[in-house]
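In mature numbering (1 follows the signal peptide of the UniProt record, and there is no 0), the protein residues as written are -27 to -1, 1 to 167.
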């Protein structure tokens, strides 16, 4: 509740300060002679006004002593702004710095085992790591299959007839992308033999 009242007080002070600046600028502009380009403004001609808001209504009434109102409103706005900014900074929780992802060395990267023949429904892999997420894509980059590695070491994946056709559709090779927790993702080409 105190924060809301602090923000409201700061808003009222800022609006009253803006009103003073606008009315004094209007008064200076009104006393200038536009045709000759000469300003006839003197210290007695300028009118400084500040407004005080009564309750929650939309009407504002000018106060008599504008210099004291301006100084008190600016002091109130600066103190409330300082208190609100310090409380806002202290309430934000700091995020821990993200650790950079490790790069998988080429010796530990998952790769194809033996050769993949066009039309074959079994794809053989080696150096798999449990929990890795693998995405098979054909040469055009279309996703054919996504799966998780169940255990470390060698394993095989069985494709459906449509998946086998789609993976070899554009010939020469297909790719598989491996994503492991804590490591950068990497993509490996798997050559298709006829």
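Don't be surprised by glycine CBs; every beta carbon is placed ideally from N, CA and C. From a predicted model like this one, the values you see are computed outputs, not experimental measurements.
With 16 other Cβ atoms within 10 Å as the buried cut-off, status of residue i
i: residue 83; result: buried
i: residue 139; result: buried
i: residue 77; result: buried
i: residue -12; result: buried
i: residue 89; result: buried
i: residue 95; result: exposed
i: residue 80; result: exposed
i: residue -20; result: exposed
i: residue -15; result: buried
Same chain, Cβ closer than 7 Å to residue i, five either side skipped, listed in chain order
i: residue 86; result: 97, 98, 99 and 127
i: residue 108; result: 116, 119, 149 and 150
i: residue 165; result: 89, 91, 141, 144, 145, 146 and 147
i: residue 111; result: 117, 139, 140, 142, 143 and 147
i: residue 37; result: Note on residue 37: pLDDT 49, under 50, position unreliable in the model; no value is reported.
i: residue 72; result: none
Inter-residue Cα distance where the pair is residue i and residue j
i: residue 105; j: residue 124; result: 9 Å
i: residue 156; j: residue -18; result: 49 Å
i: residue 131; j: residue 93; result: 9 Å
i: residue 101; j: residue 152; result: 11 Å
i: residue 103; j: residue 158; result: 15 Å
i: residue 136; j: residue 163; result: 15 Å
i: residue 67; j: residue 167; result: 57 Å
i: residue 161; j: residue 113; result: 14 Å
i: residue 70; j: residue 133; result: 44 Å
i: residue 65; j: residue 129; result: 49 Å
CB contact check: residue i to chain D, cutoff 8 Å
i: residue 74; result: The displayed structure is made up of one protein chain only, and chain D is not part of it.
Cβ neighbours of residue i in the same chain (closer than 6 Å, five flanking residues each side left out)
i: residue -24; result: none
i: residue 121; result: 106
Proximal residues to residue i (C-beta, below 8 Å), its chain only, five neighbours per side dropped
i: residue 75; result: 155, 156 and 157
Inset, instruction - Tell me the start and end of each unbroken alpha helix (DSSP H) in the region 58 to 144 that is at least 4 residues and wholly inside, in chain order. - result: Every unbroken stretch of the alpha helix (DSSP H) spanning 4 or more residues and falling wholly within the region 58 to 144 is given here in chain order: 134 to 140.
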